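Each residue of the sequence shown is one higher than the one before, starting from 12 at the first, in this note's numbering.
For every residue, glycine included, the Cβ atom is placed at its ideal position computed from N, Cα and C.
Here the structure is a predicted model, which means the values were calculated and not measured.
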Amino acid sequence: MAGFGVSFLLDAAKRYVIDMDRRSFIAGGVGLVVCRRALAQFGRHTAVVFTQMIEVGGSSLQIDFTQGEIRLTRAAIVERVRAAATAVTTYYGRFPVSRARLLVIPVAGEDGVVQGTTWGDIDGFPAFLRLRVGEETTADELRADWVITHELVHTALADLPDDQHWLEEGIASYVEPIARVQTGQLDPAKMWADVVAGMVNGEPESGDRGLDHTHTWGRTYWGGALFCLNADIAIHTATANRKGLQDALRAIVTAGATINTETPLARVLQIADEATKTDVLSTMYAKWSVMPVRVDLPGLWQRMGIHVANGRAAFDEAAPLAAARAAITMRRG
Ligand SMILES: [Zn+2]
12 MAGFGVSFLL DAAKRYVIDM DRRSFIAGGV GLVVCRRALA QFGRHTAVVF
62 TQMIEVGGSS LQIDFTQGEI RLTRAAIVER VRAAATAVTT YYGRFPVSRA
112 RLLVIPVAGE DGVVQGTTWG DIDGFPAFLR LRVGEETTAD ELRADWVITH
162 ELVHTALADL PDDQHWLEEG IASYVEPIAR VQTGQLDPAK MWADVVAGMV
212 NGEPESGDRG LDHTHTWGRT YWGGALFCLN ADIAIHTATA NRKGLQDALR
262 AIVTAGATIN TETPLARVLQ IADEATKTDV LSTMYAKWSV MPVRVDLPGL
312 WQRMGIHVAN GRAAFDEAAP LAAARAAITM RRG
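Pasting the structure below:
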């Protein structure tokens, strides 16, 4: 993906469609239009009016801003990027790639971080992120933002073929709130309530042919996240809570199978499983990729000791998987 040819442009368009804001994606029916806009607005070579370098987790991030009147200061955006990168560094034990470039494009008439897209190996940078940020964005919206963290998590996994985009999106969707909880940026009671509310979107519907062959919004984002949650629980169960998905995903980064590579999926899963001395991910992938796997979510929440009321989760510490639930959001060294 290093070149800037037709295949790259097609890839850019593809990623744009697959990695839109979840709320926009669910509206549906705009794919082709968005795809064309992506070709016109990719903006990689758009004139930069301000640049700020920051160091996070031993890596350097170059944050470039294009022209636009952001209501907040650029410094506020930079600090949000720093917080997101710190969350990702906390989860992975290091920032996944040595250098990254983030291009911030202000968008008139919008608020919040409207959309993000991440590519590997662009213009000498192992990772390149384009963030479209509403000019009307408020401090509260920025504080609650998940998009930047989600995009940065993408840097921690090899660029996979189209059929496995669900794994890229699933990992990003699953890890993002956990990373924020581990750094104190998000309350676990809010996080688990959101997870409980969202995971039902990941269940297979009639006609589902497995995650590799069912490229809907629900199966791509939440189906992938559901795979990650079940893998996390399975690893914790198999290792008496000594290991979790976090160890598997850290090993992928340590092995250098990050977004600037096209490490084959089989190798990625092997690296991940070796880290936990289990075959959880390879075994689950073999099944979930080709057939619909339904999860008894109410039963799972019960066993994890999660009870949601009024948008917040309460925890039952006597539940059989309570220790696994606590370990998932516990900050590691
Ligand atoms: Zn994504």
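Taking 8 angstroms as the cut-off, the Cβ atoms of aspartate 243 and isoleucine 182 do not count as close. The distance from the Cβ of leucine 140 to that of alanine 111 is about 7 angstroms, consistent with a contact at the 8 angstroms cut-off.
Within 7 angstroms of the C-beta of glutamate 214 there is not a single heavy atom belonging to ligand 1. Rounded to the nearest angstrom, the Cβ distance from isoleucine 270 to alanine 138 is 5 angstroms, consistent with a contact under 8 angstroms. Contact between arginine 230 and tryptophan 177 holds: their C-beta atoms lie close to 6 angstroms from each other, under 8 angstroms. The C-beta distance from aspartate 327 to alanine 334 rounds to 12 angstroms, too long to fall under 8 angstroms, and the pair is not in contact. Per DSSP, leucine 114 lies in no alpha helix (DSSP H) segment; the continuous beta strand (DSSP E) that holds it begins and ends at 110-118. When DSSP assignments are scanned along the segment 201-270, the uninterrupted stretches of alpha helix (DSSP H) that are 4 or more residues long and fall wholly within it turn out to be 235-249 and 256-265.
Distance from the Cα of glycine 135 is smallest, within the candidate group Glu147, Val158 and Val108, for Val108.
The DSSP-derived three-state label of leucine 163 is helix. When DSSP states are grouped into helix, strand and coil, glycine 181 belongs to the helix group.
Taking a cut-off of 8 angstroms on C-beta distances, the segment 85-105 touches the segment 148-167, as three or more cross pairs fall below it.
By the beta-carbon neighbour count (other beta carbons within 10 angstroms, threshold 16), serine 300 is buried. In the DSSP assignment, arginine 141 is bridged to Leu114 and Thr128. Threonine 148 sits in coil when the DSSP states are folded into three classes, being neither helix nor strand. Residue side-chain check: histidine 318 keeps its Cβ at 7 angstroms or more from all non-hydrogen atoms of ligand 1. Set against 7 angstroms, the gap from the CB of histidine 226 to the closest heavy atom of ligand 1 is not smaller. For valine 319 and valine 60, the gap between their C-alpha atoms comes out near 46 angstroms. By the Cβ test, the segment 184-198 is in contact with the segment 157-164, since at least three Cβ pairs between them sit closer than 8 angstroms.
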